[in-house]
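Novice:
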Amino acid sequence: MNAPGLTISGPAADARAVVVFLHGGSETSVAPARRGAAYLRMAPFARAVSWAVRGRDVAVWQLRYRLRGWNGAAEDPVVDARWALGEARRRHPGAPIVLVGHSMGGRVALRLAGEPDVVGVCALAPWITDGEPAPEPGASVLIAHGDDDRVTSPAASAAYAARIGASFVPVPGEKHALLRRPVFWTRLVTAFVTETLAAAAGAR
Numbered sequence: 001m002n003a004p005g006l007t008i009s010g011p012a013a014d015a016r017a018v019v020v021f022l023h024g025g026s027e028t029s030v031a032p033a034r035r036g037a038a039y040l041r042m043a044p045f046a047r048a049v050s051w052a053v054r055g056r057d058v059a060v061w062q063l064r065y066r067l068r069g070w071n072g073a074a075e076d077p078v079v080d081a082r083w084a085l086g087e088a089r090r091r092h093p094g095a096p097i098v099l100v101g102h103s104m105g106g107r108v109a110l111r112l113a114g115e116p117d118v119v120g121v122c123a124l125a126p127w128i129t130d131g132e133p134a135p136e137p138g139a140s141v142l143i144a145h146g147d148d149d150r151v152t153s154p155a156a157s158a159a160y161a162a163r164i165g166a167s168f169v170p171v172p173g174e175k176h177a178l179l180r181r182p183v184f185w186t187r188l189v190t191a192f193v194t195e196t197l198a199a200a201a202g203a204r
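If you're matching positions, the sequence shown starts at 1 in UniProt numbering and goes up one per residue.
#1: Report all residues from its chain with a CB closer than 8 Å to the CB of Trp51; omit the five preceding and five following residues, and keep chain order.
#2: Among all the DSSP beta bridges, which residues are the ones paired with Gly120?
#3: Just how far apart, CA to CA, sit Gly173 and Trp185?
#4: Considering only residues of the same chain and omitting the five flanking positions on each side of Arg16, which have a CB-CB separation below 7 Å?
#5: Would you report the Cα separation of Val193 and Ala73, rounded to the nearest angstrom?
#6: Going by the DSSP bridge assignment, what does Phe21 pair with across the sheet?
#7: Per the contact definition of three or more C-beta pairs closer than 8 Å, is the segment 131-142 in contact with the segment 72-88?
#8: Pick out whichever of Glu27, Ala31, Val60 has its Cα sitting closest to the Cα of Met42.
#9: In chain order, what residues of the same chain lie with their CB nearer than 6 Å to the CB of Ala161, ignoring the 5 residues before and after it?
Written out as structure tokens, the structure is:
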């Protein structure tokens with residue numbers, strides 16, 4: 001079976017923190033995930049964060065799932081993201097972890113907000129379903145969604161953020177692909193990551 005993959009920048013060992021980027025996908029698909037549009041959409045964010053944290057011993061990872069789909073109860077991207085978290089803990093014991101996900105990746109990140117060492121989750125235009133479970137408390141959570149998104153629901157994101165006590169940022173005029181206001185999105189993600197890691201460092 002196709003294996004998940006990681007593109008890594010920053011320290012290979014003993015990092016002070018880890019940031020993991022999670023791409024989108026499909027509701028149902030067992031086709032192998034490739035480095036296509038969904039994966040590449042996260043690359044500019046990963047590069048921007050890498051630049052923002054340069055010299056601070058922060059590892060920045062971009063995960064590629066095994067499969068394109070969520071696939072019902074199998075929750076395949078959640079399995080892959082848990083694998084990545086395990087790798088982060090193995091390679092960088094005790095390091096705080098921030099998750100940044102778009103669309104299906106946002107849903108994955110929210111599912112893992114209560115995992116050990118996860119201190120922050122930034123969900124961009126996440127796919128939120130009815131009955132989406134609330135994460136265990138602990139991580140700082142930011143949800144941002146364009147109000148012109150026709151793929152995932154900004155109303156569902158706002159309601160979910162209110163239910164779990166997360167910060168919610170509506171983005172006027174933005175669609176699902178995050179292409180209308182790229183500078184805004186990049187600044188939002190970079191600020192969230194750097195501020196969350198600074199808070200985590202101050203708490204230790």
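For glycine and all other residues, C-beta sits at the position ideal for the given N, C-alpha and C.
All figures in this text were calculated on a predicted structure; none of them were measured in a lab.
Specialist: From the atom records:
#1: none
#2: In DSSP, Gly120 forms a bridge with Val98, Ser140.
#3: 13 Å
#4: Arg56, Asp57, Val58, Ala95
#5: 30 Å
#6: According to DSSP, which records beta bridges pairwise, Phe21 is partnered with Gln62, Val100.
#7: no
#8: Val60
#9: Ile143, Phe168
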